[in-house]
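Data first, discussion second: the structure below is written as structure tokens.
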Amino acid sequence: MKKPVLVTGASGKLGAYVVRRLAGAGRPVVAWSGSQAGKVAGVALCPVDLSDSTRVKLAFAAADPLGVIHCAALSAVGDCHRDPSQARSINAEATALLGELADRIVYTSTDLVFDGEQAPYSESDAPAPLSEYGRSKVGGEQALAGHNSAAVVRVSLLYGPSLFGQTGFFDQQMEALRQKRELRLFSDEWRTPLALDEAADGLVRVLDDGYEGLLHMAGPERMSREDMGRRLAVFLGLEPALVESARQSDIKFPEPRPTDVSLDCSKARQILGWAPETYESGLARMVQDPSEK
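The working numbering applies: residue 2 is where the sequence shown begins, and numbers increase by one.
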């Protein structure tokens, strides 16, 4: 009997897409969630508190996985700022423990490990996080530095409809536009947005390829949040003027926010043959009938 792939954060936005990608290929999957019950793509969720090392060890032994795709994170920047200890526990310490247990692990990190001053960023650029979230994710990266079969994949801003649980920012933004409510989005914050399904495909490729070390995965286009919103409005057949311009620099946040954390993912294209499509292509694939995605 084939060993399963263990996916952490399976009830989250990215984790759910990874579970669907694996299950859709007929592969056995063990899907860990934080506390949520239910199913994702027909796979039952197994609630595991990553801050409970004893529970993690027992659940890992029961799963006996071929490898781990570690998507679980405390990813809300505000939550990490308010509770840095919890951020380190989930994003760094739990990652270190999974690295000790797993023969093969793929860890999802973030473009927010950078300060936004020298984009686009390649794998050779040194992290310089501005937020507690970014620092805790760097802690997770460092925890796997000595692992003999670990890949750290930094992903950019992800977009697409949620498959499970609470709606995310993309879902809320799409719903607001469909109701013709105005949105205010930053014109001075740039990312390289990546479709959730393409991110999931990339992570599975990394696991199967056996790649070790750092890798960036991002979309092919550098866009501001305002541009993303306006292009979404046009895609939905609505007026782009529904999206108004706002400036990040005019707002005082509890922590600094990087202005441009665009990622260079040429290495992933060269090594894996992984080539994400344009923003509009991703929207066409995922938004028209999200119930089937």
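Each residue gets a CB set at the ideal place from its N, CA and C atoms; glycine is no exception.
By the three-class DSSP mapping on this structure, what secondary structure does residue i have?
i	result
Pro48	strand
Ile272	helix
Thr96	helix
Val31	strand
Ser292	Any answer about Ser292 is weak, because its pLDDT of 41 lies below 50 and its placement is not dependable; what the coordinates show is given next. Reduced to three states, the DSSP call for Ser292 is helix.
Val235	helix
Val262	coil
Ile70	strand
Ile252	coil
Phe171	helix
Ala285	helix
Met2	coil
His217	strand
Leu186	strand
What does the alpha-carbon distance come out to for the pair residue i and residue j?
i	j	result
Ser54	Phe61	10 Å
His82	Ser132	7 Å
Arg286	Ala95	34 Å
Lys14	Ser163	6 Å
Ser282	Thr168	22 Å
Gly100	Leu145	6 Å
Val6	Val19	10 Å
Lys3	His71	20 Å
Pro291	Gly166	Confidence is the limiting factor: at Pro291 the pLDDT is only 39, short of 50, which leaves the residue's position unreliable, though a coordinate-based value still follows. In a straight line, the C-alpha of Pro291 is about 14 Å away from that of Gly166.
Leu204	Tyr212	10 Å
Ile252	Glu240	26 Å
Val44	Leu67	17 Å
Ala151	Tyr108	8 Å
Ser34	Lys58	15 Å
Leu98	His148	11 Å
Asp112	Leu264	7 Å
Phe238	Glu176	Reading off the sequence shown, one finds Gly at residue 238, where the question assumed Phe. The alpha-carbon atoms of Gly238 and Glu176 are separated by roughly 13 Å.
Gln37	Asp50	10 Å
Ala247	Ala63	50 Å
Do residue j and residue i come within 8 Å of each other at the CB atom, strictly closer than that value?
i	j	result
Ala93	Tyr134	no
Trp275	Arg206	yes
Leu195	Ala234	no
Phe115	Asp126	yes
Asp202	Arg21	no
Lys268	Leu184	no
Ile106	Val139	no
Ser110	Val153	yes
Under the rule that 16 or more other beta-carbon atoms within 10 Å means buried, what is residue i, buried or exposed?
i	result
Gln174	buried
Arg192	buried
Gln180	exposed
Glu190	buried
Pro255	exposed
Glu293	For Glu293, the predicted model reports a pLDDT of 42, less than 50, meaning its position is unreliable; a value from the coordinates is still stated below. Looking at its Cβ environment, which holds fewer than 16 other Cβ atoms inside 10 Å, Glu293 is exposed.
Arg1	Because the chain here runs from 2 to 294, residue 1 falls outside it and cannot be looked at.
Pro48	exposed
Gly214	exposed
Asp65	exposed
For residue i and residue j, which I take to be in contact (beta-carbon distance under 8 Å), what is that distance rounded to the nearest angstrom?
i	j	result
Pro221	Gly117	Not a contact, Cβ separation roughly 19 Å.
Leu159	Ala120	The Cβ separation is near 18 Å, so there is no contact.
Leu46	Ala11	6 Å
Phe187	Arg226	5 Å
Phe236	Leu284	5 Å
Ser52	Ser90	5 Å
Gly161	Phe170	That pair is no contact at about 11 Å.
Ala32	Val8	5 Å
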